[in-house]
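Sequential numbering of the sequence shown, starting at 1, is according to full-length UniProt numbering. As structure tokens, the structure follows; a few thoughts come after it.
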Amino acid sequence: MTDLILIRHGETDWNRQLRFQGHSDVPLNSLGHEQARRLAAALADEPIVRAVSSDLVRTQQTAAPLLERLGLTLTTDPLWREQAFGDLEGLRVSDMAERHPQLWARWLEHDPDFRLPGPSESRRQFHERAVRALLSYAAAHARWLAQHPQSAGPLVVFTHGGLLDMLYRTAMGLSPHGPRTAAIPNTGINRLRVNGERIEIVSWADERHLAGLPEQPSTVQASLPASVPPPAAA
Numbered sequence: 001m002t003d004l005i006l007i008r009h010g011e012t013d014w015n016r017q018l019r020f021q022g023h024s025d026v027p028l029n030s031l032g033h034e035q036a037r038r039l040a041a042a043l044a045d046e047p048i049v050r051a052v053s054s055d056l057v058r059t060q061q062t063a064a065p066l067l068e069r070l071g072l073t074l075t076t077d078p079l080w081r082e083q084a085f086g087d088l089e090g091l092r093v094s095d096m097a098e099r100h101p102q103l104w105a106r107w108l109e110h111d112p113d114f115r116l117p118g119p120s121e122s123r124r125q126f127h128e129r130a131v132r133a134l135l136s137y138a139a140a141h142a143r144w145l146a147q148h149p150q151s152a153g154p155l156v157v158f159t160h161g162g163l164l165d166m167l168y169r170t171a172m173g174l175s176p177h178g179p180r181t182a183a184i185p186n187t188g189i190n191r192l193r194v195n196g197e198r199i200e201i202v203s204w205a206d207e208r209h210l211a212g213l214p215e216q217p218s219t220v221q222a223s224l225p226a227s228v229p230p231p232a233a234a
């Protein structure tokens, strides 16, 4: 059994503008840096022993204040990246609906094998990668803890909203192919427990450390009518 703390990166300008980010390497904005500092304070007393992030700058910048406090080094791995949106990365969701109505209609069908033009991933491919990332790192962390019994503690992972959504759906027994229903705030604290291939949510979307900061764009898609473009993954 392995405990993990999973964090969505802090806010970027593209989050605020509701643009498809995907694999585009977009840095945090000023609010995102403040969210990261508050996250570091919130987790400063946690017995975290190892840290990993995607190889994109927004996750690494989010991790930096906490790693400095804890004296940890960061492992980066593209396995933890957001879903790849291909040639449409950088577009606002409203732009996609207006400029590429046929693609947008296909997107809203939530076809698990649909891929956007360019170097993109289908939802099925992305879901498989997300689960593989979690299970492989949970197993590796369990092995590491067995070799370092004096260093018992969770692994912290800095990743992306879409990937966290895939893990939430898997843990809750939901289909990975419909609209998003989970809240996934920037720098929200999500705690998972992995036992073999069983994924349990211990707590989700804790954002108490963000009290008083500007409200974030919603990540929930299911409550929106089909004619309104839902928020893009980030």
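Glycine included, C-beta positions come from ideal geometry on N, C-alpha and C. What you are looking at is a predicted structure, and each value in this text was computed from that prediction instead of being measured.
- Rounded to whole angstroms, the separation of the alpha carbons of THR219 and TYR137 is 26 Å.
- Excluding five sequence positions before and after LEU155, the CB atoms of its chain that fall closer than 6 Å to its own CB belong to LEU4, ARG50, HIS141, given in chain order.
- Taking a C-beta distance under 9 Å as the contact criterion, HIS209 and ALA63 do not qualify as a contact pair.
- In terms of CA proximity to PRO65, GLY32 leads the group SER151, GLY86, GLY32, PRO179.
- Here ASP45 is exposed, its C-beta having fewer than 16 other C-beta atoms within 10 Å.
- For PHE85, the three-state secondary structure derived from DSSP is strand.
- Counting along the chain, the unbroken beta strand (DSSP E) around ALA205 starts and ends at 198-206.
- When secondary structure is reduced to three states using DSSP, LEU6 falls in the strand class.
- Three or more beta-carbon pairs separated by less than 8 Å are not found between the stretch 93-104 and the stretch 118-131, which leaves the two stretches without contact.
- Within the same chain, and ignoring the five residues on either side of ALA36 in sequence, the residues whose Cβ sits closer than 6 Å to its Cβ are GLY10, THR62, PRO65.
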